[in-house]
Amino acid sequence: MDILFFVFGIPLLGSVILAFTGHKNFAPEINVAFSLGTFIAACALTVQVISMGPVFAWNRAFFIDPLNVFIVTLTAFVGLTTALFSRPYMRVERDHGKMTPRRLRLYHSMYQSFSFTMLLALTTNNMGILWVAMEAATLTTVLLVSVYRTAASLEAAWKYFILCGVGIAQALFGTVLLYMAAEKVVGPEGGALIWTNLDAVKAQLDPTIITLAFAFLFIGYGTKVGLVPLHNWLPDAHAEGPTPVSAILSGLLLNVALYAILRCKVLTDGALANALTGNLMMGFGLLSVVVAAFFLSRQKDVKRMFAYSSIEHMGLITFAFGMGGPIATFAGLLHMTVHSLVKSAIFFVVGHAAQKAGTQIMEEIRGLVKVNPMVGWGLMLGSLAILGMPPFGVFASEFLILTTAMREHPWATPLLLLALGVAFASVLSRVLPMVFGETSVKPLFHPPAVIPVFIHLGLALLLGLYIPTYLETWYRQAARMIGG
Amino acid sequence: MSGIASQLINLFAAMLLLLAFAMISQRRVLSLIYLFTLQGATLAAATAVVGYATHQPHLYISASITLVLKVFLIPWLLHRVIDRLNVRWDVETLINIPTTMLIGILLVILAFYLALPVSQLSSSIARGTLGIALACMLLSFMMMITRSKAVPQVIGFLSMENGLFFAATAATYGMPMVVELGIALDVLVGILILGVFMFQIREQFDSLDIRHLEKLKED
Amino acid sequence: MNALFDCTHLNGVLAVAVAWLVIGVAGVCAMRRVELVPRILLPAGSVFGVALFAIAAHALFAPAEAAVLPIGLPGLPFHFRLDGLSAFFLMVIGGAAAGVSAFAAGYLRKVEGEMPPGLVGLQYHVFLASMVLVVLADDAYAFMVMWETMALSSFFLVIVNHRIEENRRAGYLYLLIAHIGAIGILLCFGVLQANTGDYTFANMRVQEHTPFWASMAFLLALFGFGAKAGLLPLHVWLPEAHPAAPSPVSALMSGVMLKTAIYGFLRITFDLLHVHLWWWGLLLLGIGLITGLFGIVFAAVQVDMKRLLAYSSIENIGLIFAAIGLSVLFSSFGMTPMAALALTAALYHVVIHAFFKSLLFVSTGAVLHATSQRSLGKLGGLIRYMPWVAWICLIGVLTSAGLPPLSGFVSEWLLLQGFLFTPELPSSFLNMLIPISAALVALIAALAGYTMVKFFGIIFLGQPREEQLAHVHDAGRWERAGMIWLACGCVLLGLLPAQFIQFIDPVTRQLTGAGLGSTVAANGWLLIPVAAERASYGPIIFLAGVAASFALAFLLVRKLYHGRLRRSAPWDCGFPWLTPRMQDTAEGFGQPIRQIFESLFRVERQLPTPFDAQPRYRVSIGDHFWYWLYLPVAHVTERMARLIGLMQQGRISVYLLYSFVTLIALLVWVTR
Amino acid sequence: MNPLGVISQLLAIIVALALAPLLTGWVNQWRAWLQNKSAPSLLQQYRMLHKLFNKDSVVAVHASPFFRIAPYIIFGCMTLACAIIPMLSTDLPLASAADAIALVGLFALARVFISLAAMDVGTAFGNLGARREMLIGFLAEPALLMVLFTAALISNSTSLTSIVDTLGGRELAIFPSLAFAGVAFTMVSLAENARVPVDNPATHLELTMIHEALILEYSGRHLALVEWAASLKLFAYSCIGLALFIPWGMADAQAPVALLLALPVLILKLAVGGVLLAVLETVSAKMRIFRVPEFLCTAFLLAVIAMLVHILLGA
């Protein structure tokens, strides 16, 4: 009986309870309470891991090491803040009549089960279960995206389902191949899908199978990371779902999918002597960065725009991990953290802004600093942070990535320069008139939840200026595991 | 004994491939469902035979799961859906059938080429069939691409899962039990959600033609 | 390496930076109390500016000090180091900031724009502090963080009046170019760290680079810092951003912030890279001079006084870069004394530009404050109503025109002296080019005179072109104080070059290994860079000469004749209906330049036809770079975006096809 | 700073102040003769100055103090200019305070002040004159600077005295660079001193006038000072020309006799130069104001070519 049980026991319980009480007036608070519980459990887990190193649970079915524990904490934290944000947001939606009691029940219950699947995917030691959890995450988020039942949201959800379902299917085939390769080494019984076992014997795994397997796994989980050209579901899903869902999609789901890829990368690198995985990740990462940057310059819908910026940043992170080496890997992990913090913060403010203006079209959102300075400055600072302006943490990681790339892969830097420039120009040119300038809209009757926004931004700021030593050692260990 | 078994398995594998082609060439929704059911049955049988031949009891279980899920439950659901939404008419494909067939043949060749080195390394009696499994998967993938209605797309998706199951069986006598169960659960939930979706899509667009689902795009 | 809290120069400077930050935050805490910022905070800030000036001046002659702050990236805490170069630029920052803050104390009484004064004060002081820390930074990360903070704070100051659309546009353009430049600098550091993963300047100093990588670093630095300094063709933000910002901010941006770019460039070119290739120098010289000519020619035809000054900043930056280029050229041939001479000219110009450009900008601020009028065509005759501003501004104008005995002339003189040594360069090809450059420098200087006469004459002299100008008020107490401080800088730097060069000497010794200090010190009041028979310049004697003959003439005329004076109307050429509107306009004054340099401009004229009911003549001066470089780039980007956008036209089958093709391709690739 | 130096310095200043109007008068006289007019007397300039000093000076109602200070400053500048240009001797204590570049700066200072003063009154003519003066200035200045640079490169120094020392000390040789420089210098000084073909000091034709437009509002003592400054400027330019191109006969340091000898030599050279100027003015026609930039650009180019020639041929 250990903390791990609570980490995903709580959200599971929460989803069950909220399935019945989700429409009640106090449901948002319950939601927050469960997320808080999860977060506390996650923190306790973190402490445990930091103090006594990697832990196994339930005869090696679950495994917590520095790599996943930090994503676990991040997940739990963003889950909590998003729950805080969704309180006033969903109230407003209900008052606008966009959320019926049934939908609220569905929403809250799915919210909890989504964080359950995330945590399951993160903590499991079994590649098969990892796949199952990812698929389950897809299912829950599909329901969340389609919660408004509008034509657009249905279309988005359908595309999301089909594309990710197909992608995930590839991942399953990859897993089968992996199992097949492992079985010959580990033996048919004795959990040939247990990651730690595989990690122990990864050098003996057969290269040809592993190569094939990684190809499938990369396509599969890459679809969920949103790598170009597998990204097409992502903007629709972000734009059409409720804003808290967009926040957790960008803040959590993408990270977890990338985490899955990293786990596979470690094994593959062990099995193969060549730089296959690195090249693949750099190539797709770079492609994503560039393409997403150009997409950014054509957006009209604010949430869609920031969805593309998520693609861009995921590409950057993938590129960093692809480069490998201690600095780049460290930067990748750091970027993962700050991106999910900042991006979810942006979605919070965007959500409020869109509710005020009653639209997500950027031309019709104007002069936020006039109506509500907190929201306005939140959006301004958040956008600047996500665009890599110091002293926010995004800049720290981009600094490390670019400087490392400059000497190791100079060919990539012009593309990165181009992409970052275009992205900066596009986003800033749209955010400026939204934040400043004239406006006519009225303030909302529910006070917006700006605390989560500024908590996130504050943390991002902190990570840019000062990284606590335990966090640093944690990152370093993780980086070492990924093979930095 | 195992000789017959392996022959049986190869036979079933061949049937699966045949069915996959049949699905590609099939125009009518109803017969698509029948073919899918048949595919599921074949898959279950193949699994069972492998289990019998290699004395692996858990394969019986997965065989039975397959049977229940893919022969009875899902086809039944699909039938209900198309009855409710009466969309039993013909499906026009985006690419014409002969072309699809040709591409399909190319895909099969590719799949075999890919699977050959791998299946050399397999210890399973069904090793030769891995290529077929991969081929089935790719074929159903292509079917999803070419179909313009929701139901056939879903069927393609499911038959892709069939291909995966068969691959698992053929290559490695199936995955660990817990994983099998998990996958089965996901498939089940997935099909349920899809079913619900189809109703909602229907009431939104009063048609299941996914060409209505092309509003969200870059303009 | 010294502990915090013991009394060193570095800690003193850091203390000033912190003090500025505290002042800024204090302003925000009392957001509602409008008068707090101008009454108390800004004067305090200006006092700290003086303190910074003093500390830095003292630190110049002290050995370098370093400190490490416990913040930053893991394994890369913020390193700060105070050596000659940084101390010198800190002097510039402190000196200019003191004057400008004092002026702002008077200027910001009236709330500027939509932002509450507390917020403006915060951004203003963060801007100051970040500039200080940029100059102190001793590792790439600290440098970049402070650099971007500087850009960000100044960006917010530019869009203080964000209601006005073109201000937002100006701020946008500014931040965009600044950021892209910053990425260039970042990549330059990436080159310099040479895969060591150690981003301290100390490490970069010891790295040896192949010529390819060294040139790469140099070009990236030129791109990055050029974008900030406003070198062609990255200058377009400057004339947009400066008019948009409140005048004290324009003063700081133009007078000080541009200098941080010079600082960074010197730091990288002379300190971190120790090889110099001769074509670097040539490149710098070329770009610098073209920038200078372009800037001054455009300044001469402007009709908005702040735009005029902005373009003149471009010109000055160009001259500074030309001097640096000359210095690089010399040092690449190992002629260190000449390199030192050219570098001295550059640094001297850095200082005086900081002073006179700040002075001119704050003067425009005072005029703007009194008349709320930026267009030269609606000003005039202000010397009668605001004599303080006018006469102090005159000093700035004469300095900026590069006239003896004021300081503007000294740097020009030193630069030309530098050119006179070029025949000693070993390459005859260079010898051919240098006279042309010298000629260009002379031309630029002369044009500066033209522009400044236009600037001062149209604003302050003549008759007021609008009625309401007749009752404008002069600058207030604080404003005068700030302006006088800056004016004193211009005058003293002009009269005591020999003394001030002692302050530049440590820097040139640090960067080039030689300095003028000793030779200049040898003969007191005369400025003799090399040898008395080669060249000498004694501003004080010069001034004494003019003053003496002035006084003698005055006295003699009064003594031998009389001092009678009659007032009467000016001669109206027999046309009694003269109005002030009939005076020469700014356009008119710039017209000859527009004719001579026609090809540099993109002129759009609206000529009246004989049939117009009320005929009007409109002419607008455009910048070719905008149409030849920026718009095409924008169009290409847009077209590419449209092409890429085709990828996503909503059809799920197509999306599936993408994944399918990717899968197949990948499989084929991995198993090849 | 030896007593002799002080003496020669003072002598130089006095000679300049005294002879400047005379030179102007001389040129005007010759011009009149060459154009078959009856010439004014040689002392006409002095008479005029005296008259102007006696008159009240009438100042526009809204003229600022600047307007009244300017003439004195201009006069001061020109005096200093004459003081630092070696005309009699190369032993000038003041010369060390300002070298060739500073000399150009000095002229620029005077120009800026007179232009600003002209703009102060705010009449159409003042502004017009100021604009044209600055236009000529910004083209003439670099040209003059280049001419001086050529000499400076030859003698490796920008200090006027040592330039003259080297040029005067050398044996007679043809310097092609100096030839170019000489032509350029002549053109520049024509422009700078408001002479035909650039400007015509004898007319008040508003389409063309430059110098006269500048000083239109001046009268009385102020006008006198401005006019005196103008003739000083002409004197200074002539002396520069002489110093650069025919420097012989000038006294160098510690030679009182040579100093006494130098004066008649100078007067002779000036007389010849004045005649040449008059001839030049007579044979050439006043050009349109828009042709002036071309004229001066030619001068500028000639000067640059002179430098190039020097660097190419080392001569």
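Those protein sequences? They're chains A, B, C and D, same order as listed. The opening residue of the first sequence carries number 6 in the numbering used here; numbering runs sequentially from there. The opening residue of the second sequence carries number 1395 in the numbering used here; numbering runs sequentially from there. The opening residue of the third sequence carries number 2 in the numbering used here; numbering runs sequentially from there. The opening residue of the fourth sequence carries number 1194 in the numbering used here; numbering runs sequentially from there. Ideal placement from N, C-alpha and C gives every residue a C-beta, glycine not left out. Predicted model only: the values in this text are computed from it and were never measured.
Asked	Found
Candidates 1439(B), 1602(B), 1478(B), 1493(B): closest to residue 159(A) by CA position	1602(B)
Whether residue 175(A) touches residue 225(A) by CB criterion (8 Å)	yes
Residue 196(A), enclosing alpha helix (DSSP H) - first and last residue	Careful: residue 196(A) lies outside any alpha helix (DSSP H) and carries neither H nor E.
Contact the segment 471 to 485 of chain A vs the segment 366 to 384 of chain A: 3+ CB pairs below 8 Å	no
Min CB distance residue 241(C) to chain A below 8 Å	no
Cα-Cα separation between residue 1495(D) and residue 81(C), rounded to whole angstroms	53 Å
Given 8 Å, three or more beta-carbon pairs between the segment 293 to 313 of chain C and the segment 585 to 597 of chain C	yes
Residue 1609(B) burial status per 10 Å Cβ neighbour count (16 or more: buried)	exposed
Any C-beta of chain C under 8 Å from that of residue 171(A)	yes
Coil, strand or helix - residue 1151(D) by DSSP	Lying before the first or after the last residue shown, residue 1151(D) is absent from chain D, which here runs from 1194 to 1508.
DSSP three-state assignment for residue 68(C), whether helix, strand or coil	strand
Sub-8 Å separation of residue 406(A) and residue 72(A) beta-carbons	no
Cβ shell of residue 97(C) (< 6 Å), same chain only, five flanking positions each side left out	256, 257, 355, 359
Other residues of its chain near residue 1242(D): CB distance less than 8 Å, five sequence neighbours each side excluded	1214, 1417, 1420, 1421
Identity of the residue in 1323(D), 1225(D), 1306(D) nearest residue 586(C) by Cα	1323(D)
Chain D contact for residue 291(C) (CB, 8 Å cutoff)	no
Min CB distance residue 178(A) to chain F below 8 Å	Of the chains in the structure shown, none is chain F; the protein chains are A, B, C and D.
For residue 622(C): DSSP bridge partner residues	604(C)
Cβ pair residue 398(C), residue 249(C) closer than 8 Å	no
Spatial distance of residue 248(A) from residue 247(C) (CA atoms)	39 Å
Cβ pair residue 1479(D), residue 1335(D) closer than 8 Å	no
Spatial neighbours of residue 1202(D) in its chain, beta-carbon cut-off 7 Å, leaving aside the 5 residues before and after	1276, 1285, 1286, 1287
Buried or exposed by the 16-neighbour rule on C-beta atoms within 10 Å, applied to residue 1229(D)	exposed
Per-residue DSSP class, three states only, for residue 264(C)	helix
Beta-carbon proximity check, residue 1290(D) vs residue 546(C), cutoff 8 Å	yes
Same chain only: Cβ atoms within 6 Å of residue 1563(B), ignoring 5 sequence neighbours per side	1441, 1444
Residue 124(A) to residue 233(C) span [Cα, whole Å]	54 Å
Against chain C: residues of the segment 1512 to 1546 of chain B by CB proximity under 9 Å	1532, 1535, 1536, 1538, 1539, 1540, 1541, 1542
C-beta neighbour in chain C for residue 302(A), strict 8 Å	yes
Beta-carbon gap between residue 466(C) and residue 615(C) smaller than 8 Å	no
Cβ-based contacts, 7 Å cut-off: residues of the segment 149 to 168 of chain A near chain C	164, 167, 168
Nearest-angstrom Cα separation, counted from residue 1282(D) out to residue 1340(D)	21 Å
Reduced DSSP category for residue 656(C) - H, G, I as helix; E, B as strand; rest coil	helix
Residue 70(A) to residue 54(A) span [Cα, whole Å]	7 Å
Host beta strand (DSSP E) of residue 82(C) (start-end)	77 to 83
Span of the alpha helix (DSSP H) around residue 1436(D)	1413 to 1438
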